[in-house]
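Participant: One gets this note's numbering by counting positions in the sequence shown from 1 and adding 284 to each.
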Amino acid sequence: MRTLFAELADAGVRHLFVAPGSRSTPLVQAAYELAARQPPVWQMWPVLDERAAAFAALGASRAGQLSAVICTSGSAVGHLLPACIEAKESGCTVVFVAANRPARLVGLGAPQTIDQYRAMGYFARHLEVGRCPDEPRSAKVAGQIHASLFSGQPLFIDVHLDTPLALAGGDAMPVEPRDPDDAPTYDTGPMVRPGARSRVLIVAGPLPADQAREVGPVFASAGIHWQVLAEATSNLRPYLPPSAPLHFESWLRDPAARASVVPDRVVRLGEWPVSKGLQLLLEDCALAQVPCTVVWPGRHSNPLGQRGVQMKSATPASALARYARSSPSPASRPWIDTMAALDASVARRCAEVLESPAAASNEPGLLHAFLAALPAATPVQIANSMPIRHLEAFWPRGATAVLGFSRGVNGIDGTLATAWGRAIALDRPCWVVLGDAALLHDATSLSLLRRRPDLRVLCFDNGGGAIFDGLPAAQHVDPAVHRTFFTQPHGLDLVAVARAFGLTAEVLPGPKAAATLADWARTGQGPQVVVAKTDAQAARAVWGAWTGG
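And the structure:
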């Protein structure tokens, strides 16, 4: 057991999130021996719920500090799966260590005993420890951990434990710091260089903040002549020139506008975009057989099934540096000017929309005011569904929030727990922005926030899953049926819910909501949980005015 945790420490694990259970006692003991050292090898965090522990580990790993989960056997293991799926589909390594009954009892109906070796299925690498007493555990563990780090995949370690469920006396295993030269490397082989007259479009989807920071100096290099369409979740906007388009989510929905900006080559960075406009443009480029290079070290990403896509497992900075050294293309200037004109037109419309009372008291205006007021480089975890879409649409020019997100499978589960794990890793004041459905889906994780008072929550309460009301399917379902089974109004007082977990919470005050929220964001004052009561129908009308639809 000590060997296992020594190998985890060698691999760079820095946080362990521990869910309680008798079967996992030796795991916790071995881990704590290393946590009790001076200086500690890692920090350990007790979390009552395995699902929340898994999402917390995901958040911390995404923030750059490799993390692991310890849990007991049986159904407890099943609660790890949602976070494991998100980790797999977003190319993030998280280590899940689960206790198990002895291998000889599996399949015999013994209590709390299941065949959990493949519990994570396709979504993780798997390692079994303790099935054979004389197995070469150290080499096997080290190999699987480093393979997971290299490939950006989660690792599930199934540990068979017999009674007595306690470690024998002895010293903890020595821990050798991981050699930086052993860290995963990326394939930086030759990329297709743009031609002398090529119009190169960089499309940036969700990108981890550390990779975005590396791209900044490349944008500052002389000779760069391509255009960048970077959505907010790319974390690249603080590094773009002041003239960079920000409102393309609106004008790219117009087929004529898209046709006028189809490039000669596309370079995609990060995950598949959140922006519907960017998705439509990429679809048009695929139909026009525009060559495309996808740069994403996490996983294969070609949702359109486009032929001839060049997949590069490289850092965005190394990939873009090649284009920065290319000769400027005279053909790109009118093309860039067209995009600038389209963006300026929508920017004026956006400013008018945000001045309306409906915008000011709902998600568009409130998010705009919030983001504009945050101190520089404040970490913000943004939930899926409507919050991430409103953030993209109404991002203020000059905002510098450092965004965290879960765009592997785009779910709302575990948003609070993920934000808590990220805040632990970053160890600085953070925010999480989410809707009422996401908060209620992860309500038990509110208990974790008491341990992190500098993690604050902005929750938009529009009475249920309002995103479903704006989808085309809503026009084909009986309104009563749709409201009951899709919107699912909760009818709960979210301030009371937060206070029940021991948190300070308040509702934003009506007409002064935007000003109050901006002040709390700027100064760090106010409650830990901020609830904004919004009108879903009014917010949809603002969205329609912004898109021109």
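Backbone N, C-alpha and C define an ideal beta-carbon position, used for all residues, glycine too. Since the model is a prediction, treat every value here as computed from it, not as a measurement.
Does DSSP put SER776 in a helix, a strand or coil?
Facilitator: In the sequence under discussion, the amino acid at residue 776 is Leu, which differs from the Ser named in the question. LEU776 falls in the coil class under three-state DSSP.
Participant: If you draw a straight line from the alpha carbon of ALA855 to that of VAL390, how long is it in whole angstroms?
Facilitator: An answer regarding residue 855 cannot be provided, because it is not within the stretch 285 to 833 covered by the chain.
Participant: Determine which residues share a DSSP beta bridge with MET328 and list them.
Facilitator: Its beta-bridge partners are LEU300.
Participant: Indicate, with yes or no, if the ligand ADP has a heavy atom lying under 8 Å from the CB of SER351.
Facilitator: As for the ligand ADP, it is missing from this structure, which has no ligand bound.
Participant: Starting from TRP804, follow the alpha helix (DSSP H) in both directions and report where the run begins and ends.
Facilitator: Start and end: 797-807.
Participant: Given this structure, state the Cα-to-Cα distance separating PRO618 from ARG633, to the nearest angstrom.
Facilitator: Going from the Cα of PRO618 to the Cα of ARG633 covers about 23 Å.
Participant: Are there three or more Cβ pairs, one per stretch, closer than 8 Å when the region 656-672 is compared with the region 535-543?
Facilitator: No, they do not touch.
Participant: When DSSP labels each residue in this structure, what does CYS576 get in the three-state scheme?
Facilitator: In the structure shown, CYS576 sits in a strand (DSSP, three-state: E or B).
Participant: Assuming TRP535 is part of the alpha helix (DSSP H), what are its boundary residues?
Facilitator: Start and end: 532-535.
Participant: Buried or exposed: which applies to THR702, given that a residue is buried once 16 or more other Cβ atoms fall within 10 Å of its Cβ?
Facilitator: With 16 or more Cβ atoms within 10 Å of its Cβ, THR702 is classed as buried.
Participant: At a cut of 8 Å, does the region 774-785 reach the region 811-820 through at least three beta carbon pairs?
Facilitator: Yes: the two stretches touch, three or more of their Cβ pairs being nearer than 8 Å.
Participant: What residues in its chain sit with their C-beta under 6 Å from that of ASP399, if we drop five residues either side in the sequence?
Facilitator: So the qualifying residues of the chain are VAL390.
Participant: Between which two residues does the alpha helix (DSSP H) containing LEU491 stretch?
Facilitator: Segment: none, LEU491 is in no alpha helix (DSSP H) and carries neither H nor E.
Participant: Is the Cβ-Cβ distance between GLU676 and GLU555 less than 9 Å?
Facilitator: No, the pair does not count as a contact, with Cβ atoms beyond the cut-off.
Participant: Could you check the C-alpha separation between LYS817 and ASP697 for me, to the nearest Å?
Facilitator: Their backbone Cα atoms lie some 21 Å apart in a straight line.
Participant: Counting beta carbon pairs with one atom in the region 631-647 and one in the region 775-782, are three or more of them shorter than 8 Å?
Facilitator: With the cut-off at 8 Å, the region 775-782 and the region 631-647 do not touch.
Participant: Would you report the Cα separation of ARG736 and LEU730, rounded to the nearest angstrom?
Facilitator: So the alpha carbons of these two residues sit roughly 10 Å apart.
Participant: Tell me which same chain residues have a C-beta within less than 6 Å of the C-beta of GLY649, skipping the five on either side of it?
Facilitator: Excluding positions up to five away in sequence, the list reads LEU638, ALA643, ALA798.
Participant: Can you tell me the Cα-Cα spacing of PRO490 and GLY692, whole angstroms?
Facilitator: For PRO490 and GLY692, the distance between alpha carbons rounds to 10 Å.
Participant: Does the distance from the CB of ALA337 to the CB of PHE301 come in under 9 Å?
Facilitator: Result yes, Cβ atoms of ALA337 and PHE301 sit closer than 9 Å.
Participant: Output the distance between the C-alpha atoms of ASP777 and PRO438, rounded to the nearest integer angstrom.
Facilitator: The straight-line gap from Cα to Cα measures roughly 37 Å.
Participant: What are the complete beta strand (DSSP E) segments, minimum 3 residues, inside the region 675-721?
Facilitator: List check, beta strand (DSSP E) in window: 686-688, 714-719.
Participant: LEU530 to LEU513, Cα distance in whole Å?
Facilitator: Cα to Cα, the separation comes out at about 8 Å.
Participant: For the beta strand (DSSP E) that contains VAL791, what are its first and last residues?
Facilitator: 789-791 is the extent of the beta strand (DSSP E) around VAL791.
Participant: Just the C-alpha distance for GLN327 and THR684, rounded to the nearest angstrom, thanks.
Facilitator: When rounded, the distance between both Cα atoms is 30 Å.
Participant: Going by beta-carbon coordinates alone, are LYS596 and VAL574 separated by less than 9 Å?
Facilitator: Result no, Cβ atoms of LYS596 and VAL574 do not sit closer than 9 Å.
Participant: Report back the beta-carbon spacing between GLY749 and THR771 to the nearest angstrom; my notes put them in contact at under 8 Å.
Facilitator: Yes, GLY749 and THR771 are in contact; Cβ-Cβ is about 5 Å, under 8 Å.
Participant: To the nearest angstrom, how far is the alpha carbon of PRO547 from that of ALA572?
Facilitator: Computed Cα separation, rounded: 10 Å.
Participant: Once you ignore the five residues that flank GLY473 on each side, which residues in its own chain have a CB closer than 7 Å to its CB?
Facilitator: At GLY473 the pLDDT is 46, less than 50, meaning the model places this residue with poor confidence; the figure from the coordinates comes in the next sentence. Same-chain partners within the cutoff: there are none.
Participant: Counting C-beta neighbours from all protein chains within 10 Å, is the total for PRO557 16 or more, i.e. buried, or is it exposed?
Facilitator: When all chains shown are included, PRO557 counts as buried.
Participant: Tell me, please, whether the region 739-749 touches the region 370-383 by the rule of three or more beta-carbon pairs shorter than 8 Å.
Facilitator: Counting Cβ pairs under 8 Å, fewer than three are found: no touch.
Participant: Would you list the residues sitting across from GLN511 in a DSSP beta bridge?
Facilitator: Per DSSP, LEU485.
Participant: Count the other CB atoms, across all protein chains shown, that sit within 10 Å of the CB of TYR406; report buried if there are 16 or more and exposed otherwise.
Facilitator: Exposed, because fewer than 16 other Cβ atoms sit within 10 Å of the Cβ of TYR406.
Participant: I'd like to know whether the C-beta atoms of ARG712 and PRO773 end up nearer to each other than 9 Å.
Facilitator: Taking 9 Å as the Cβ cut-off, ARG712 and PRO773 do not qualify as a contacting pair.
Participant: Can you look up SER602 in the DSSP assignment and give me helix, strand or coil?
Facilitator: Here SER602 sits in helix by DSSP.
Participant: Can you tell me whether DSSP reads LEU412 as helix, strand or coil?
Facilitator: Just to set this straight, residue 412 is Glu in the shown sequence, not Leu. Here GLU412 sits in strand by DSSP.
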